[in-house]
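Under our numbering, the residues of the sequence shown are numbered -12 to 362, in order. Glycine included, C-beta positions come from ideal geometry on N, C-alpha and C.
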Amino acid sequence: MTWDIFCKVVDNYGDIGVTWRLARQLAAEHGQSVRLWVDEVAAFARICPGADARAERQVRQGVELCRWGAQWQPVEPADVVIEAFACELPAAYVAAMAARPGKVLWLNLEYLSAEDWVEGCHGLPSLQPKGLQKFFFFPGFTAGSGGLLRERELLKQCRAFQADAQAQTGFLAALGVHRQPGARLISLFAYENPGLAGWLDALAADAVPSQLLVPEGRILDDLQAWLGGARLAAGAERRRGQLQIRVLPFVEQDQYDRLLWCCDFNAVRGEDSFLRAQWAGRPLLWHIYQQAEGAHWDKLEAFLALYTQGLSPEAAQALGRLWRGWNAGEGVGEGWLALLPHWPELATHAQNWSRAQGARTDLATALVQFYRNWL
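See below:
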């Protein structure tokens, strides 16, 4: 089967991160022929080592990467067309889909959500002009959704890496990180957040030392404001009280996965890093992408309601307090201190959640099955 996946880079690297992982998995694990159309190839090049940001077409890891330019050049549509995150296909391509002799499965791959209505909308058709039909495909955490993006051997690789102290030491050393005995290792990848200062104050004053690893990104300005001094860049290292901070270079996806696997706690954002942190099986903090009129709060609460099932009421309340404070940009220091007494329970729960979700059908497999059933 042939696949065309269309992606517009809306928020830094989240959209391209999800579609690149999906394209690679469809090619590597399901033997599919995949073209990934991207409007900003430069963003793709940041997460794919060796990619050419100027090329119109290139093949990377079994996927044909194509520039989605303003002037669309006609191509033969694929058997399966994925419109990622309602990015709106070129009109000429849609016309070619309608004129194609063989049937085309048109899928709108939606954003990840744990909201109740997802199951009712997943797989629903939407009639389009000229006899075309589009289906809504919702990733999700429950049986009635389209599953989660997860490579076949991901959890096995993760657990093996987490059991190998030498492999972790070598990986961190390559990033210039040397783990301190007894210190918490925390990763931070987030949007701008005025609540960061309160969390950093709590970490610096804690009896237990912490090492904060911060990949280059939008949170650096807030970190800079708290630290003062010289401008932060990759390789910078600062210390205040019990907190050591290391700024990391922007890394490609497989390396970022390993960073999450190394850490005891991961602060993540958006969709791609949010899901990868769940697979790491470590306690996490989610900075959700803000939406107009506060619509993101419903998504945050829906996930918290699902994720905290099985936790004690006290641990669930502490986790929810931290997540809500972080996303509101206030009270994060107090929320962090309230969370610490529940750390062992949260750590066990994170591992159990990862295993339970890992037992479900993954997104790429669900897409292939949907196509075969549709035929």
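- Of the other Cβ atoms in all chains shown, fewer than 16 fall within 10 Å of the Cβ of aspartate 208; this residue is therefore exposed.
- If you draw a straight line from the Cα of phenylalanine 148 to the Cα of arginine 269, it is about 14 angstroms long.
- Under DSSP, glutamine 120 forms a beta bridge with Leu114.
- Three or more beta-carbon pairs separated by less than 8 angstroms link the region 4 to 24 to the region 39 to 51, which places the two stretches in contact.
- Counting along the chain, the unbroken beta strand (DSSP E) around leucine 175 starts and ends at 171 to 175.
- Below 8 angstroms, enough C-beta pairs join the region 31 to 38 and the region 237 to 250 to call them touching: three or more.
- Within the model, the alpha-carbon separation for phenylalanine 128 versus serine 100 is close to 8 angstroms.
- Between valine 355 and methionine 84, the gap from beta carbon to beta carbon reaches 9 angstroms or more.
- As computed with DSSP, valine 25 is found in a beta bridge with Cys(-6), Arg54.
- Bridge partners of alanine 279 according to DSSP: none are assigned.
- The three-state secondary structure of leucine 162, taken from DSSP, is coil.
- Secondary structure of asparagine 360 (DSSP, three-state): helix.
- Looking at the DSSP output, leucine 272 sits in a beta bridge with Ala254.
- Here the region 315 to 327 makes contact with the region 180 to 190; the two share three or more CB pairs at distances below 8 angstroms.
- Sequence-distant partners of arginine 139 (beyond 5 residues in either direction) whose C-beta falls short of 6 angstroms from its own C-beta, in its chain, are Glu16.
- Valine 28 and histidine 329 have their C-alpha atoms roughly 43 angstroms apart.
- Shown here, glutamine 48 sits in coil according to DSSP, grouped into three states, outside any helix or strand.
- Rounded to whole angstroms, the gap between the alpha carbons of proline 196 and proline 61 is 58 angstroms.
- Threonine 6 sits in a helix when the DSSP states are folded into three classes.
- Per DSSP, the unbroken beta strand (DSSP E) holding asparagine 95 starts and ends at 92 to 96.
- Going by C-alpha positions, cysteine 108 is about 19 angstroms away from glutamate 75.
- Under the criterion of beta carbons closer than 8 angstroms, leucine 309 and leucine 326 qualify as touching, at roughly 5 angstroms.
- At least 9 angstroms separates the beta-carbon of arginine 137 from that of aspartate 285.
- Judged by pairs of C-beta atoms under 8 angstroms, the region 266 to 282 touches the region 246 to 256, as three or more such pairs exist.
- Tyrosine 178 is positioned such that its CB atom lies closer than 9 angstroms to that of tyrosine 276.
- Proximity to aspartate 244 across Phe(-7), Ile(-8), Arg8, Val(-4) peaks at Arg8, based on C-alpha coordinates.
- In the structure shown, isoleucine 34 falls within a helical segment according to DSSP collapsed to helix, strand and coil.
- Sorting Thr295, Ile232, Leu287, Leu247 by C-alpha distance to the C-alpha of threonine 335 places Thr295 at the top.
- Secondary structure remark: continuous alpha helix (DSSP H) runs of at least 4 residues inside the region 287 to 333, in chain order: 300 to 315, 319 to 326.
- A straight line joining the alpha-carbon of leucine 159 with that of cysteine 249 spans about 8 angstroms.
- Where glutamate 43 is concerned, there is no enclosing beta strand (DSSP E), because DSSP gives it neither an H nor an E.
- For serine 260, the enclosing alpha helix (DSSP H) has its first and last residue at 259 to 267.
- Taking a 10 Å sphere around the C-beta of glutamine 120, we find fewer than 16 other C-beta atoms and assign the residue as exposed.
- Leucine 92 and leucine 13 have their alpha carbons spaced roughly 16 angstroms apart.
- Residue environment: alanine 189 is assigned as buried (16 or more neighbouring CB atoms within 10 Å of its CB, all protein chains considered).
- Put simply, of Gln344, Phe357, Ala353 the residue whose alpha carbon is nearest the alpha carbon of leucine 141 is Gln344.
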